[in-house]
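Residue numbers (UniProt numbering): 1 to 257.
We put the CB at the ideal spot given by N, CA and C, even for glycine.
Note that this is a predicted model, so its numbers are computed, not measured.
As structure tokens, this is what we get:
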């Protein structure tokens, strides 16, 4: 299903995006050496509840997961890249942590992810991967801003950056539509052919999410049934924003301060 929001619901989408951005910024600040992933989950729950929001993850039970997810935020460390199930694990110096969060507020969902290095050590390999996903995300947003843009244009822009940086691209998981629910059509692969697919139109909300693994495009699933890791144990990174297509252009709803 492709859902188009009416202009009157754009303020609600902005509020949802601001909440997700605020929670991610707060969790990034609190994620220091010695922080437990379960504490990040508990803090996230409290912020969602206090704001009157609804978690998109707690009851999430898709066919590819061992659901329900049962937690409020995805916490993926080092070789984990997607759907990281919070567990009793403390962060160490130099860990590459990805936080991924989707919340519904006022009946509208916003979805975003950020990768960063924990502690004072900032390994060059980790920073390069993070920067590549951020640049790919910016390229996808720029492509969405072009007149007559189609989904394939976004995929091509994202994939071009990732491949130019030398990273393999996995096409199993990518961006997607959002709205009254978290995962909707259209699917936005992290590589594709320009000029193809659904034409963007006002009212469309899209979550764009480039992610990479350093030396493979193959994923493996943990015994928890959720956490997806690189098959080789290499580092990973993931960046995501929710954007709104409006009559006036593209608006990024989940920008962090």
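- Item | Residues that residue 237 bridges to, as DSSP identifies them | Within the chain shown, residue 237 is the residue found at index 237, counting from 1. Residue 237 pairs with 212.
- Use the C-beta contact count for residue 23: other C-beta atoms within 10 angstroms, 16 or more gives buried, fewer gives exposed. Position 23 of the chain shown holds residue 23. By the neighbour-count rule (16 or more Cβ atoms within 10 Å), residue 23 is buried.
- Message: If the criterion is Cβ atoms closer than 7 Å, does the pair residue 109 and residue 102 meet it?
- Response: In the chain shown, counting from the first residue as 1, residue 109 sits at position 109. In the chain shown, counting from the first residue as 1, residue 102 sits at position 102. Going by C-beta atoms, residue 109 is nearer than 7 Å to residue 102.
- Item | Distance CB(residue 226)-CB(residue 83) smaller than 7 Å | For the purposes of this step, residue 226 is taken as the residue at position 226 of the chain shown. For the purposes of this step, residue 83 is taken as the residue at position 83 of the chain shown. The answer is yes: Cβ separation under 7 Å.
- Label residue 169 either buried or exposed according to how many other C-beta atoms from any shown protein chain fall within 10 Å of its C-beta, with 16 as the threshold for buried. Mapped onto the chain shown, residue 169 falls at position 169. That one is buried.
- With respect to the beta strand (DSSP E) encompassing residue 17, which residues constitute its N-terminal and C-terminal limits? Numbered from its first residue, the chain shown carries residue 17 at position 17. Taken as a continuous stretch (DSSP letters only), residue 17 belongs to no beta strand (DSSP E), being part of the alpha helix (DSSP H) at 10-30.
- Message: Mapping the DSSP letters down to three states, classify residue 58 as helix, strand or coil.
- Response: By 1-based counting over the chain shown, the position of residue 58 is 58. The answer is coil: DSSP assigns residue 58 none of H, G, I, E or B.
- Query: Which partner residues of residue 100 appear in the DSSP bridge assignment?
  - Reply: Taking the chain shown and counting its residues from 1, one reaches residue 100 at position 100. For residue 100, which the question treats as bridged, DSSP gives the partners 74 and 113.
- So, helix, strand or coil for residue 33, using DSSP? Residue mapping note: residue 33 aligns to position 33 of the chain shown, counting from 1. Coil, per DSSP.
- Going straight from the alpha carbon of residue 192 to that of residue 220, what length do you get? The sequence position of residue 192 within the chain shown is 192, counting from 1. The sequence position of residue 220 within the chain shown is 220, counting from 1. If I take the Cα positions, the gap works out to 23 Å.
- Message: Are the CB atoms of residue 203 and residue 5 within a distance shorter than 7 Å?
- Response: Counted from its first residue, the chain shown places residue 5 at position 5. Counted from its first residue, the chain shown places residue 203 at position 203. Their beta carbons are under 7 Å apart, which means residue 5 touches residue 203 by this criterion.
- Query: Beta-carbon separation of residue 253 and residue 51 under 7 Å?
  - Reply: Within the chain shown, the letter at position 253 stands for residue 253. Within the chain shown, the letter at position 51 stands for residue 51. Not a contact, by the Cβ cut-off of 7 Å.
- May I have the straight-line CA-CA distance separating residue 54 from residue 18, to the nearest angstrom? What you label residue 54 is simply residue 54 of the chain shown in a count that begins at 1. What you label residue 18 is simply residue 18 of the chain shown in a count that begins at 1. When rounded, the distance between both Cα atoms is 14 Å.
- Using DSSP with H/G/I as helix, E/B as strand and the rest coil, what is residue 39? One-based indexing of the chain shown puts residue 39 at position 39. Residue 39 falls in the helix class under three-state DSSP.
- Contacts around residue 70, its chain only, beta-carbon distance under 7 Å, and the 5 residues preceding and following it disregarded: The count along the chain shown starts at 1 and reaches residue 70 at position 70. Taken in chain order, the residues that qualify are 58.
- Message: Less than 7 Å between the C-beta atoms of residue 77 and residue 236, yes or no?
- Response: Translated into the one-based positions of the chain shown, residue 77 becomes position 77. Translated into the one-based positions of the chain shown, residue 236 becomes position 236. No, these two residues do not count as a Cβ contact at 7 Å.
- May I have the straight-line CA-CA distance separating residue 261 from residue 111, to the nearest angstrom? Residue 261 lies beyond the stretch modelled for the chain, which goes from 1 to 257, so this question has no answer here.
- Query: Which parts of the segment 140-177 are runs of the alpha helix (DSSP H), unbroken and 4 residues or longer, counting only runs that do not cross its ends?
  - Reply: 151-164
- Check each candidate in 142, 127 and 99 and name the one with the smallest Cα separation from residue 155. Working through the chain shown from its first residue, we reach residue 155 at position 155. Measuring from the Cα of residue 155, the nearest candidate turns out to be 142.
- Query: So, residue 35 versus residue 72, is the Cβ gap smaller than 7 Å?
  - Reply: If you number the chain shown from 1, residue 35 lands on position 35. If you number the chain shown from 1, residue 72 lands on position 72. For residue 35 and residue 72, no; Cβs fall outside 7 Å.
- Are residue 263 and residue 157 touching if we call contact CB-CB under 7 Å? What is shown of the chain runs 1 to 257, which leaves residue 263 out entirely.
- Task: Name the two residues that bound the continuous beta strand (DSSP E) containing residue 283.
- Result: An answer regarding residue 283 cannot be provided, because it is not within the stretch 1 to 257 covered by the chain.
- With DSSP run on the structure shown, which of helix, strand or coil describes residue 251? One-based indexing of the chain shown puts residue 251 at position 251. Residue 251: strand per DSSP, three-state reduction.
- Beta carbon of residue 2 nearer than 7 Å to that of residue 195: For this step, residue 2 is matched to residue 2 along the chain shown. For this step, residue 195 is matched to residue 195 along the chain shown. No, these two residues do not count as a Cβ contact at 7 Å.
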